[in-house]
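Okay, so the sequence shown: first residue is 5 according to this note's numbering, each after it adds one. Have a look at the structure below before the remarks.
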Amino acid sequence: MNEKLHPRQARLFGHRDFRLLLTGAAAAQTGSQVTLVALPLVAVVVLDATPFEVGLLTAAETAAFLLVGLPAGAWLDRMRKLPVLIRADVVRCLAVGSIPPAAALGVLTMPQLYLVALVTGVATVFFDVAHQSLLPAVLPREQLVAGNGALETVRSSAQIAGPGLGGGLVQLLGAPVAIVADACGYLASALLLARIRVEEPQPEPEPGRSLRAEVAEGVRFVLGHPLLRAIATATATSNLFAAVLMAVQTVFWVRVLDLSPGAIGGLLSASAVGGLAGALCAGQLARWVGQARLIWLATVVTAPFAVLWPLSGGAAGALLFGLGSGVVLFGAVAYNVAQVSFRQSVCPPELLGRMNATMRFLVWGTLPIGALGGGLVADWAGPRAALWLCAVGFLLVPVPLLLSPLRGMRELPAAPYEPRAVDAGEAQLAAEAQHTAEAQRAGEAQDAVEAPSAREGHAAQGAEHSAVSPTAP
């Protein structure tokens, strides 16, 4: 089968450890997408939760990024990443696996859902930061973008298949039982990750360095880098309003659009086609417009389609909502592929865990705030008003990118960044970007022969997920 693939793709998928990492991600992501449908339905349909309670549930899922987001990176820079991934999967399997028996015994409550969401969220923080920090140990640097593109494709495919599967399971078996699929996904992921044999030496902490000093170093690196700072601000804004959407969309679908669980699963699956298209097209788009331009163009062009969410209603309500979600997801995934690959290539290896944790803290830390705010607005003025707030908020996402050096760049610098004064740094980054562009033009003939090749490296977002899920990995 590899002979039908582009040589670079063949080398990527011929890598045993990467195949295991990718397959484990597929299993966990598919199960998580089932729970994306089932867990809010347990709250809304089984426990008759209010919009604020659903918002609180969403906030509990993401509060861990505020509680342990920063120290997680410093801790992980002192640990092997693979054992952390396996343990996080086991914890998530046990946590979500507690819901079906509690429902069967008639003792399931909202406090239990909050606790499950919080525990799962903490495990997810460690899993996500370790996962992004492990990939550079599994793949050589020139394959990072292709690897991230493959992981984004898997995630987008799971977003298509998982909700439809989840909606069908909820329709047939009920929401609590459907969550078993998520527990099975986490278990399968843990078993697959346990087979990876990557050489990962135990990191040695620097003598005399405190945890606080290491955390501060990661924060300084991100905030001192003009491009990372702009990306973090834009992604945090996107996730703030994405959390408003996540908090109110199930209430809106069930109580305003009167959709069945099966229809909700179908709507989420159809919307996710946009995310898959974004993952598949990101490489070509980056070759056309440049990786730096793709980051801001993806948000400028697609964010206005969020207005279709509050406009949804009547017979075409689900269609309008799905169209808006699909277009916004297309832009969010293309954005993620470009910016996450840049983050991994520009950061020194010894800072990867702290850089990723700092970015996660900054960009995912807005999620519980948005979820609580969305629940309060929906309780006070109705879910449609909260969706209007979300649509207006998405128009603000490109602003930090357009005010940064990104607007004047075509390509992004690939060399690890050395912190410096911000003004001097911006000038240096612009010079590096120009040098990168000239080098690429000189190598165009070679790249033309290898179509989805290293320059796909310029194109391979995150929650971090995307706008219907959160935006940055």
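Ideal placement from N, C-alpha and C gives every residue a C-beta, glycine not left out. What you are looking at is a predicted structure, and each value in this text was computed from that prediction instead of being measured.
Where residue i falls, given that 16 or more other Cβ within 10 Å makes a residue buried
i: Leu3; result: Any answer about residue 3 is impossible in this case: the structure gives the chain only from 5 up to 477.
i: Gly278; result: buried
i: Trp384; result: exposed
i: Val396; result: exposed
i: Arg145; result: exposed
i: Glu1; result: Lying before the first or after the last residue shown, residue 1 is absent from the chain, which here runs from 5 to 477.
i: Arg20; result: exposed
i: Arg259; result: exposed
i: Gly318; result: exposed
i: Arg364; result: buried
Residue i - DSSP class collapsed to helix/strand/coil
i: Asp21; result: helix
i: Glu218; result: helix
i: His135; result: helix
i: Met359; result: helix
i: Leu284; result: helix
i: Val255; result: helix
i: Glu354; result: helix
i: Gly330; result: helix
i: Val337; result: helix
i: Thr113; result: coil
i: Ile200; result: coil
i: Arg84; result: coil
i: Phe225; result: helix
i: Ser492; result: Nothing about residue 492 can be reported from this structure: the residues present for the chain run from 5 to 477 only.
Candidates the options, of which the one nearest residue i by Cα
i: Ser490; options: Ala283, Gly59 and Leu400; result: Here the chain comprises residues numbered 5 to 477, so residue 490 is not present and cannot be evaluated.
i: Ala267; options: Ala336, Ala302, Ala320 and Trp292; result: Ala320
i: Arg201; options: Leu410, Phe22 and Phe398; result: Phe22
i: Gly27; options: Val158, Ala141 and Leu139; result: It should be noted that the sequence gives Thr, not Gly, for residue 27. Looking at the Cα atoms, Val158 is the closest of the given residues.
i: Ser273; options: Val38, Ala30, His19 and Val184; result: Val38
i: Ala185; options: Ala67, Pro167 and Leu148; result: Pro167
i: Ala182; options: Leu196, Leu148 and Ala108; result: Ala108
i: Cys394; options: Leu232, Ala247, Pro409 and Val403; result: Ala247
i: Leu74; options: Leu355, Gly374 and Ala322; result: Leu355
i: Ala375; options: Ala92, Ala220 and Thr254; result: Thr254
i: Val126; options: Gly189, Leu298, Ala76 and Val367; result: Ala76
i: Ala80; options: Arg411, Leu371, Pro353 and Leu391; result: Looking at the sequence shown, residue 80 is not Ala but Leu. Taking only the C-alpha atoms, the option nearest Leu80 is Pro353.
Extent of the continuous alpha helix (DSSP H) to which residue i belongs
i: Glu65; result: Pro55 to Thr66
i: Ala398; result: Before going on, a small fix: residue 398 reads as Phe here, not Ala. That run of the alpha helix (DSSP H) goes Pro387 to Phe398.
i: Ala108; result: Ile103 to Ala108
i: Pro314; result: Leu312 to Leu315
i: Glu156; result: Leu148 to Leu177
i: Ile299; result: Gln295 to Thr306
i: Gly77; result: Gly73 to Leu80
i: Ser193; result: Val184 to Leu197
i: Pro404; result: Val403 to Leu406
Minimum Cβ-Cβ distance from residue i to chain B less than 8 Å
i: Ala310; result: In the structure shown, chain B cannot be found, because there is only a single protein chain.
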